[in-house]
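**Student:** Following this message is one structure expressed as structure tokens.
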Amino acid sequence: MGHFNFFSVHHFNITDITITAPGDSPNTDGIKIGFSSNIKISNTHIGTGDDCIAILSGTSNLDISKVNCGPGHGISVGSLGKNKDEKDVNGLTVRDTIFNGTSDGIRIKTWESSASEIVVSNFVYENIQMINVGKPINIDQKYCPHPPCEKTGESHVQIQNLKLKNIYGTSKNKVAVNLQCSKSFPCKNVELIDINLKNNGVDVGPSTAVCENIDGISRGKMFPQLNLN
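The sequence shown begins at 18 in my numbering and counts up by one.
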């Protein structure tokens, strides 16, 4: 379910709208997009009990800018890999956007035991502010929303060509950057530039990062420190 559902839609602009639902209301995605291309979302405020924007299988060339997201679960790609008939997701830009009090900010989620082999590629996230976000940067290739989940192998979703630049603000959890990629299909060509995320949660101490099975580089100001392969 969701407020606005776009499937098999091409060359469409969404601008200057407001979407609201209680923060504890389930299955209330603000905008859900699948099997669509060349869509622009701008100057929009979304506050829901689920994803502000959910980007699903078969989506390409999506441009998101000047979105204020919160409450909600952030801007999410996925979940992906659960079904056999899924298609690649290619070409996403998210820029000049604010996440305020969301559970996640930048989020990519793929099922650990995948039924399909697809590619998620050519993503750019730039100039993103996080205000008390649970998981500001979260790549989760061990996605299991209702454990226990049957584990028959690693995720077969390949994430590649991902750039994150000037991501800053505060995290509600000590782990501000979670990059858990697939062991069988490691994330490739990931670039992080000028990341500054401070811990504002109940656990004292500086923010930290988790990096697994990822090939990439980091440069510029980097807080927390990242250990990319």
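Cβ coordinates follow ideal geometry from the N, Cα and C atoms, glycine included.
Bear in mind the structure is a predicted one, so any value in this text is a computation, not a measurement.
With H, G and I counted as helix, E and B as strand and the rest as coil, what does DSSP make of Lys-101?
**Tutor:** Coil at Lys-101, not helix or strand.
**Student:** Let me know the secondary structure DSSP gives Cys-69 once reduced to three states.
**Tutor:** Coil.
**Student:** May I have the straight-line CA-CA distance separating Asn-55 from Val-221, to the nearest angstrom?
**Tutor:** Straight-line Cα distance between these residues: approximately 44 Å.
**Student:** On the three-state DSSP scale, how would you describe Gln-158?
**Tutor:** DSSP places Gln-158 in strand when its eight states are reduced to three.
**Student:** Ile-135 bridges to which residues according to DSSP?
**Tutor:** Answer is none; Ile-135 lacks a bridge partner.
**Student:** Could you name the residues of the same chain whose beta carbon sits closer than 6 Å to that of Phe-63, not counting the 5 residues immediately before and after it, in chain order?
**Tutor:** Looking at the sequence provided, one finds Ile at residue 63 rather than Phe. These residues qualify, in order along the chain: Ile-36, Gly-47, Cys-69 and Cys-86.
**Student:** By alpha-carbon positions, which one of Leu-109, Lys-99, Met-147 and Glu-143 ends up nearest to Ser-120?
**Tutor:** Ser-120 has its Cα closest to that of Met-147, out of Leu-109, Lys-99, Met-147 and Glu-143.
**Student:** Using the Cα positions of Thr-110 and Gly-75, report the straight-line distance between them to the nearest angstrom.
**Tutor:** Going by the C-alpha atoms only, they are around 16 Å apart.
**Student:** With 16 as the cutoff for other CB atoms within 10 Å, does Ala-132 come out buried or exposed?
**Tutor:** Exposed is the call here.
**Student:** Closest to Ser-93 by CA distance: which of Glu-171, Asn-100, Leu-245 and Phe-116 is it?
**Tutor:** Checked all of Glu-171, Asn-100, Leu-245 and Phe-116; the closest Cα to Ser-93 is Phe-116.
**Student:** Thinking just about the alpha-carbon of each residue, which of Cys-198, Asn-190, Ile-81 and Thr-169 is nearest to the one in Arg-112?
**Tutor:** Measuring from the Cα of Arg-112, the nearest candidate turns out to be Ile-81.
**Student:** Do you know whose CA, among Leu-181, Glu-129 and His-28, lies nearest Thr-169's CA?
**Tutor:** Residue Glu-129 is the option with its Cα nearest to Thr-169.
**Student:** Phe-24 bridges to which residues according to DSSP?
**Tutor:** Answer is Gly-51.
**Student:** With respect to the beta strand (DSSP E) encompassing Leu-214, which residues constitute its N-terminal and C-terminal limits?
**Tutor:** Run containing Leu-214: 204-216, per the beta strand (DSSP E) assignment.
**Student:** Output needed for Asn-195: all residues of its chain with C-beta closer than 8 Å, excluding positions within five of it in sequence on either side, in chain order.
**Tutor:** Cβ within range, chain order: Lys-152, Ile-154, Asn-155, Ile-156, Asp-157, Ala-226 and Val-227.
**Student:** Are the CB atoms of Ser-224 and Ser-188 nearer to each other than 7 Å?
**Tutor:** In this structure, Ser-188 lies closer than 7 Å to Ser-224 by Cβ.
**Student:** Counting only the same chain and skipping the five closest in sequence on each side, list residues whose C-beta sits under 6 Å from that of Gly-40.
**Tutor:** Gly-66 and Pro-88, listed in sequence order.
**Student:** DSSP three-state label for Thr-119, please.
**Tutor:** Three-state result, Thr-119: coil.
**Student:** Leaving out five residues on either side along the sequence, give the residues of the same chain with a beta carbon under 6 Å from the beta carbon of Val-136.
**Tutor:** The answer, listed in chain order, is Asp-105 and Gln-175.
**Student:** Taking buried to mean at least 16 other C-beta atoms within 10 Å of its own C-beta, is Thr-32 buried or exposed?
**Tutor:** Exposed, because fewer than 16 other Cβ atoms sit within 10 Å of the Cβ of Thr-32.
**Student:** In whole angstroms, what separates the C-alpha of Gln-177 from that of Lys-205?
**Tutor:** For Gln-177 and Lys-205, the distance between alpha carbons rounds to 5 Å.
**Student:** When the Cα of Ser-235 is compared with those of Leu-209, Pro-241 and Asn-78, which residue comes out closest?
**Tutor:** Here the closest residue by C-alpha is Leu-209.
**Student:** Using the DSSP secondary-structure output, state which residues sit across from Thr-37 in a beta bridge.
**Tutor:** According to DSSP, which records beta bridges pairwise, Thr-37 is partnered with Gly-64.
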